[in-house]
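See below for the structure under consideration.
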Amino acid sequence: MGNRRSFLRKTIVGSIAAGIGVNLGQAAELFDAHTLSAEGGPLFISTWNHGLAANAEAWKTLEAGGSILDAVEAGVKIPEADPEVSSVGYGGFPDAEGHVTLDACIMGPDGNAGSVTYLQEIMHPISVARRVMEKTPHVILSGAGALKFAEDQGFKRENLLTDNMQKEWEAWKASGARYAPQANWENHDTIGMIGIDGQGNIAGACTTSGMAFKHPGRVGDSPIIGAGLFVDNEIGAATSTGEGEAILKTLGSFLVVENMRNGMSPKQACKAAIERLTQKVRVHPQMQIAYIAVNKSGQTGAFSLRPGFQYAIHSYNNNKLENVDHLMEW
Ligand code: SD4
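Just add 1 to wherever you are in the sequence shown, counting from 1, and you've got our numbering.
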């Protein structure tokens, strides 16, 4: 972030504190609340509570001089490598045959994008997606081809199925092995992150192990540009979490960005995309869907189909979880 903005912020926060008799922390909060939307970033938002650690890492990366693309990649690598996060990367729920299969995509301010689907044995699918974007003329590589590309690029093959997940899978098999979409798993699921830097450049990343016990070969919304993530550097960006099939059928993240292009705020845009989904797709009792979005001026917003979804917002000195309004009850 620019030194000029950082200097200005310090000066203004000092004056606010002196002028209205609050401490520096309170003044900083006031400043951030009232200037981010006017001046844009830096700002990171991420889905679910695992977004807090991801945002913190993204912020650190940007502060150390990384690009906004570097920042979102570094951010989502935190839950990818965390065995306790059961919905992303290492330690994620396996498919019906006990294999952890990963989907991820990344999109930059220049409109370039890369993606991997059905990738196995690689800890950081987001980094492979970035290589697809930067090193190939393609957007998506899948399955065995994506794995071969990753190995050619120097990524190491690793076992991503933890003992805990092996037990979960065995218990699921023993219980009759019926697939049922499950959302809001311990308040974390797919991580989708959007970042906007001090110059207003926007990038996004989305990575997941997909729905637990899914059919082998199944690919969700998360690695599909326009469904799980979409960035338009002139307008804003959106990313999604929840039952990928419904998001795919309505191209949800693209729709949110188009709604913002047509004048809606990020929250209105997310709400309208959830409403569209309920008109076009059969909504079953376990379905959860959520979108988060940022517009070019750094306003954020989110909306979910059902209660329980939260997103993490990181602005200056402040990384917090925000509750999100929903359309219908469970
Ligand atoms: C998927 N959207 O694969 C992802 C997973 C998820 O709640 O977010 N589940 O469909």
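Idealized CB from N, CA, C, for every residue including glycine.
How about Met261 and Gly237: are their beta carbons less than 7 Å apart? yes
Between Gly144 and the rest of its own chain, which residues show a CB-CB distance below 6 Å, the 5 nearest in sequence each way excluded? Tyr119
Any chance the stretch 223–238 sits against the stretch 192–207, with 3 or more Cβ pairs inside 8 Å? yes
Where are the beta strand (DSSP E) runs, 3 residues long or more, that stay fully inside the stretch 119–147, in chain order? If we require 3 residues or more, the beta strand (DSSP E) runs fully inside the stretch 119–147 come out as 141–143.
How about Glu306 and Ile290: are their beta carbons less than 7 Å apart? In the sequence as displayed, the identity of residue 306 is Leu instead of Glu. In this structure, Ile290 lies closer than 7 Å to Leu306 by Cβ.
Does the distance from the C-beta atom of Ser47 to that of Ile192 stay below 7 Å? yes
Residues sharing a beta bridge with Asp104, DSSP: Thr209
Proximal residues to Gly161 (C-beta, below 6 Å), its chain only, five neighbours per side dropped: Note that residue 161 is Leu in the sequence shown here, rather than Gly. Excluding the 5 residues flanking it on each side, Leu161 has same chain C-beta neighbours closer than 6 Å at Tyr91, Val101, in chain order.
Indicate whether Leu53 and Ala313 have their beta-carbon atoms separated by less than 7 Å. yes
I want to check one thing, is the minimum distance from the CB of Gly201 to the heavy atoms of ligand 1 below 6 Å? no
Reference Asn263, options Asn296, Phe45, Val282, Gly245, closest by Cα: Here the closest residue by C-alpha is Asn296.
Boundaries (first-last residue) of the alpha helix (DSSP H) holding Phe156: Per DSSP, Phe156 lies in no alpha helix (DSSP H) segment and is marked neither H nor E.
So, at 8 Å on beta carbons, what are the nonlocal neighbours of Thr163 in its own chain, with the 5 sequence-adjacent residues on each side left out? Answer for Thr163: Pro84, Tyr91, Gly92, listed in chain order.
Residues bridged to Phe231 by DSSP? Ala239
Scan the stretch 35–76 and note each continuous beta strand (DSSP E) run of 3 residues or more that stays entirely inside, going in chain order. 44–48
By a C-beta neighbour count over all protein chains shown, 10 Å radius and 16 as the cutoff for buried, is Gln1 buried or exposed? Within the shown structure, residues of the chain are numbered from 2 to 331, placing residue 1 beyond reach of any answer.
Taking only runs of the beta strand (DSSP E) that begin and end inside the stretch 260–328, which ones reach a length of at least 3 residues, in chain order? 290–296, 301–305, 311–316, 319–324
Glu159 versus Met166 - alpha carbon distance: 15 Å
Start and end of the beta strand (DSSP E) containing Gly196? 192–197
Using DSSP with H/G/I as helix, E/B as strand and the rest coil, what is Ala151? helix
Presumed contact (8 Å Cβ cut-off) between Gly302 and Lys268, rounded CB distance: Between the beta-carbon of Gly302 and that of Lys268 there is about 3 Å, and that keeps the pair under the 8 Å contact cut.
So Glu169 is in the alpha helix (DSSP H); what residue range does that whole segment cover? 164–175
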